[in-house]
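S.K.: Provided herewith is a single structure, encoded as structure tokens, for subsequent inquiry.
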Amino acid sequence: ADHMTRTFGIEWEARDMGRDRNPAWAITAVPEELVSEFSTRSRHIEVGKIRLIDAYIDKHGKQPSTSTWRRWNLHA
């Protein structure tokens, strides 16, 4: 990142990644919409999360608790 900044004059900004997440450093000139178009990891995580929730609700008849979320996050 330092080399790119010196060589190309790139500017960086901290972007909010949502609740309970640290900001991410991103190149200022690249809009968030463009980054989202190429980011499949977040979409796959979201789809997986929805499947987990749906399966949990089908089995238990309620939303997963905070402690259940913590256990899932430890194994993710």
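Heads up: the sequence shown begins at 23 in this note's numbering, then just goes up one per residue.
Think of the CB as a built atom: it goes at the ideal place given N, C-alpha and C, for glycine as much as any other residue.
Just so we're clear, the structure is a prediction, and the values are computed from it rather than from any experiment.
Just to confirm my understanding: we take Ser89, look at its own chain, exclude 5 residues before and 5 after, and list those with CB closer than 7 Å. What are they?
M.R.: none
S.K.: Mapping the DSSP letters down to three states, classify Glu35 as helix, strand or coil.
M.R.: In the structure shown, Glu35 sits in a strand (DSSP, three-state: E or B).
S.K.: Compute the beta-carbon to beta-carbon distance between Ala48 and Arg37, rounded to the nearest angstrom, for a pair I have assumed lies under 8 Å.
M.R.: 5 Å
S.K.: Between Lys71, Glu54, Leu56, which has its C-alpha nearest Gln85's C-alpha?
M.R.: Ranking Lys71, Glu54, Leu56 by Cα distance to Gln85 puts Lys71 first.
S.K.: Pull up the DSSP beta-bridge partners for Ala77, would you.
M.R.: According to DSSP, which records beta bridges pairwise, Ala77 is partnered with nothing at all.
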